[in-house]
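Following: one structure in structure tokens, then a few remarks.
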Amino acid sequence: MPIVSFLLISIKKMKRAITTLCLLIIFSQISYSKYNTHSHKEEKSTATSFYNVANCKKLQDHPDTLKVSASRLIIPGKSIGRTAINQKMSVVLKKLGKPTISDASMGGHTMCIWYSKPKISGKDTLINETDIYFYTKNFGEANAVALVDHIRITSSYFRTAENIGVGTSLDKIQNKFPGAILQSSEPDAKTGKIIDTYYDEKKGIAFDLIDGKCAAVTVYRTEN
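One point on numbering: in our numbering, the residue at position 177 of the sequence shown is 179, and numbering is uninterrupted.
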């Protein structure tokens, strides 16, 4: 009888130990899941309202039938999305947040760069980039103010009214922008591939092409 009691007590203790172990495993999995979710949010925190990251590996063109909303619209010589030429730097920084990289040079010129996420993770290898170059109006005077000179984006989210943007072929670009002329061909610092840049100087828009597809669009200030 004592042996039976001892066995029953041992079995109960084992059950309690197994139950405790299972609960510990469950709680650790919940904590790990919460940590991962929080880390993921932190990783995405550098993405700004200026972006809507295209989750695709290839640069794909868009059909002409798609209507482009104001928040995505590229207007040559004027704006990309909600950021406009001659917009104050203070307004841009308020909307986009602190840039990933900021480089000020002589004469009141500043280049700011934003990335859609801080690093490549898993199979998602696409990191979009926004470059905004500021010039200072009335530099050296009391009423000096930094304004947007040009805006360059690498996201296919932004399109012209004719649905021209990242992923568009050269033929289609020149069909809609016949004034776009090749002005430079230089190797890309990251990939080594040749970047051909076509400028439509009258309209204030430029296209960087790699392997015949648009990889970036720049809208810049014109004399008009």
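Beta carbons are placed, not taken as given, at the ideal position from N, Cα and C, and that holds for glycine.
As the structure is a prediction and not an experimental result, all values here were calculated from the model.
Simplified DSSP assignment, three categories, for residue i
{"i": "Ile-87", "result": "coil"}
{"i": "Ile-129", "result": "coil"}
{"i": "Arg-161", "result": "strand"}
{"i": "Asn-166", "result": "The sequence given here has Ile at residue 166, not Asn. Note: Ile-166 maps to coil in three-state DSSP."}
{"i": "Tyr-37", "result": "Caution applies to Tyr-37, whose pLDDT of 28 falls short of 50 and renders its modelled position unreliable; the value that the coordinates give is listed next. Three-state DSSP puts Tyr-37 in a helix."}
{"i": "Asp-213", "result": "coil"}
{"i": "Asp-190", "result": "coil"}
{"i": "Ser-73", "result": "helix"}
{"i": "Ser-171", "result": "strand"}
{"i": "Lys-139", "result": "strand"}
Inter-residue CB distance, residue i and residue j (contact presumed, cutoff 8 Å)
{"i": "Met-1", "j": "Leu-184", "result": "Shown here, the chain extends from 3 to 226; a query on residue 1 therefore has no answer."}
{"i": "Ile-115", "j": "Val-219", "result": "Incorrect: roughly 16 Å between the Cβ atoms, too far for contact."}
{"i": "Ile-134", "j": "Thr-85", "result": "7 Å"}
{"i": "Phe-141", "j": "Thr-112", "result": "With a Cβ gap of about 11 Å, Phe-141 and Thr-112 do not count as contacting."}
Proximal residues to residue i (C-beta, below 7 Å), its chain only, five neighbours per side dropped
{"i": "Ser-201", "result": "In the sequence on display, residue 201 carries Tyr and not Ser. These residues qualify, in order along the chain: Ala-182, Ile-183, Gln-185, Ala-208."}
Per-residue burial, residue i [other beta carbons within 10 Å of its own, 16 or more giving buried]
{"i": "Ile-1", "result": "Beyond the ends of the chain as shown, which are 3 and 226, falls residue 1; an answer cannot be given."}
{"i": "Pro-180", "result": "exposed"}
{"i": "Phe-160", "result": "buried"}
{"i": "Ala-72", "result": "exposed"}
Check: residue i C-beta below 7 Å from any heavy atom of the ligand SAM
{"i": "Glu-188", "result": "Among the ligands in the structure shown, none appear at all, so the ligand SAM cannot be discussed."}
Residues near residue i in its chain [Cβ-Cβ closer than 8 Å; skip 5 each side]
{"i": "Asp-213", "result": "Lys-195"}
{"i": "Gly-79", "result": "Ile-87, Lys-205, Gly-206, Ile-207, Val-221, Tyr-222, Arg-223, Thr-224, Asn-226"}
Cutoff 6 Å; reference residue i; Cβ partners in own chain excluding five residues on either side
{"i": "Arg-223", "result": "Ile-87, Asp-151"}
The stretch 131-149 in contact with the stretch 166-173 per 3-pair CB rule at 8 Å: no
At least 3 beta-carbon pairs within less than 8 Å: the stretch 189-202 vs the stretch 100-110: no
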